[in-house]
Amino acid sequence: MSAVKRLFSEGFRVFFLSAGLFAVLAMVIWTGWLAIHATGGLADLPVAMAPQHWHAHEMIFGYGGAALAGFFLTAVPNWTGGKGAAHRFIALAAAVWLAGRLALWASGNLPPAMVAVADLAFAPLLAVQLLSQLLRRPRGPQLLFVAMLALFWLSNLLVHLDWMGLTGTAGQGLRGGLLVLAGMIVVMGGRVTPGFTRNAMVASGREDRLPVNPRPLAAGSVTAAIAVPVGCLAGLPETLTGAVALLAGALALSRVALWRGGWTWRRPILWTMHLSYALNAFGLVLLGLAGLGFGSEIAALHLLAIGGVGGMTLAIMSRASLGHSGRALVAPRGVVLAYALLPFAAALRWIGSAFPQVYEPAVLTSGVLWVMAFTLYLAEFWLVWWQPRLPRAPVGSPR
């Protein structure tokens with residue numbers, strides 16, 4: 000099998016590569032634009048929408064969409080025990096995703112309806128593939144992700160309807176899309192983080208004080224986390240949505256406190272999941288407080304986006320790339336550094352919004368740290384995505 004065909008043989012390969020490349024490229028463009036304006040210069044982007052809307056949209060629906068596709072196309076076959084998507088479908092999906100990115104970038108010279116069609120085609124294509132596999136062995140918790148993918152698409156639709164001049168819902172859609180991603184972290188991160196930690200602890204010989212994940216607490220956390228984007232998209236009062244976000248974050252923090260995160264400090268591939276889940280939860284708390292009139296909403300949203308979504312997707316993409324390529328589940332040194340850089344990037348971006356007097360240096364430094372983190376990720380995994388799967392992980396590797 001050629002290296003190019005291998006890239007499209009499994010969903011994690013092309014989409015985790017694409018997510019990393021786009022994370023670097025899009026942030027370099029955005030940080031460069033900010034830096035030029037910070038020094039008093041002027042710079043135009045070839046986009047039809049406000050530059051900050053392009054930035055927000057592409058990090059949520061561009062980067063986030065690629066990360067979701069890689070995860071779902073890799074995980075669903077494992078859930079169902081069936082075959083993964085054919086390489087032709089994966090290549091088609093990657094092309095549709097790329098067409099959306101190119102359409103957004105060239106939107107200043109394209110009809111808004113054409114941009115919308117190009118960008119909105121990706122999520123339904125992915126959803127049809129997921130449903131075709133999940134319905135063979137339907138299970139409620141897994142079908143929930145298809146419903147959340149529909150909410151993700153609806154959020155994107157609201158953005159494009161605004162850009163076509165039909166509504167005033169761009170802000171609502173951007174917030175909704177980010178909150179759907181945060182909700183997915185509460186759902187999936189709430190399953191895999193304690194599960195992977197338990198497996199590693201048992202493999203090390205530990206039999207007591209294992210992670211605890213009480214079902215009632217998990218159910219309450221998931222319900223509240225899904226209700227937040229639903230409330231946002233439905234246009235419910237900010238105070239009500241804020242109260243639900245505060246509840247979702249508090250419940251999520253209560254959960255992660257029970258997962259024995261302190262035990263993982265020598266295992267970066269685990270502690271990054273605990274930390275990212277906690278930052279996602281804390282971001283929901285801050286967002287809830289902002290909805291109730293306390294603190295900056297923009298600061299809370301960026302903590303969610305960088306610390307929660309960015310951190311957890313980096314953790315999942317790196318772990319899946321190792322595991323599904325037959326390698327030991329031990330994060331390479333460069334990726335460990337990337338795990339550490341993103342929380343600092345999140346903190347600086349939060350400081351930049353919460354304290355306007357240091358906005359420019361904090362935000363620019365945050366962008367640089369993000370670019371460094373994903374450059375390290377690309378450098379460590381570039382060959383992994385192109386090379387054949389190893390026969391098995393080395394004996395004794397942590398699981």
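Heads up: the sequence shown is residues 0 to 398, going by numbering that gives the first Met the number 0. Backbone N, C-alpha and C define an ideal beta-carbon position, used for all residues, glycine too.
Environment of residue i [buried if 16+ CB atoms lie within 10 Å]
i	result
M311	buried
T30	buried
F21	buried
T38	exposed
V127	exposed
N155	buried
M113	exposed
G189	buried
A42	exposed
S365	buried
H323	buried
F71	buried
I89	buried
P140	exposed
A337	buried
N212	buried
Supposed close pair residue i, residue j - CB separation, criterion 8 Å
i	j	result
W162	M48	6 Å
A251	N279	7 Å
T168	L160	6 Å
W320	F373	Note on identity: in this sequence residue 320 is Ser, with Trp being the wrong assignment. At roughly 13 Å, the Cβ-Cβ gap does not stay under 8 Å, so S320 and F373 are not in contact.
A18	A66	5 Å
G175	P228	5 Å
A120	V95	5 Å
Contacting residues, own chain, Cβ-Cβ under 8 Å from residue i (five flanking each side not counted)
i	result
A242	G287, G290 and L291
G395	Reliability fails at G395, whose pLDDT of 41 lies under 50, so the model's placement of it is uncertain and no value is given.
A457	With the chain covering only 0 through 398, there is no way to say anything about residue 457.
G294	L285, L288 and A353
Cβ shell of residue i (< 6 Å), same chain only, five flanking positions each side left out
i	result
G69	G10, F11, F14 and F15
R136	T79
W369	M26 and A344
A224	G182, V185 and A247
Y358	G351
As assigned by DSSP and simplified to three states, the class of residue i
i	result
L257	coil
V46	coil
E9	coil
G331	Per the sequence shown, residue 331 should be read as Pro rather than Gly. Looking at P331 - three-state DSSP - the assignment turns out to be coil, as it is neither helix nor strand.
H54	helix
P342	helix
D207	coil
T364	helix
A378	helix
L157	helix
M0	coil
N77	helix
S295	coil
T38	coil
T166	coil
G83	coil
F111	Here residue 111 is Pro; the residue named in the question, Phe, does not match the sequence. Note: P111 maps to helix in three-state DSSP.
P228	helix
Own chain residues within Cβ distance below 7 Å of residue i, not counting five before or after
i	result
G107	P45, V46 and A47
CB contact below 7 Å: residue i versus chain D
i	result
E206	As a matter of chain content, chain D is missing from the structure shown, which is built from one protein chain.
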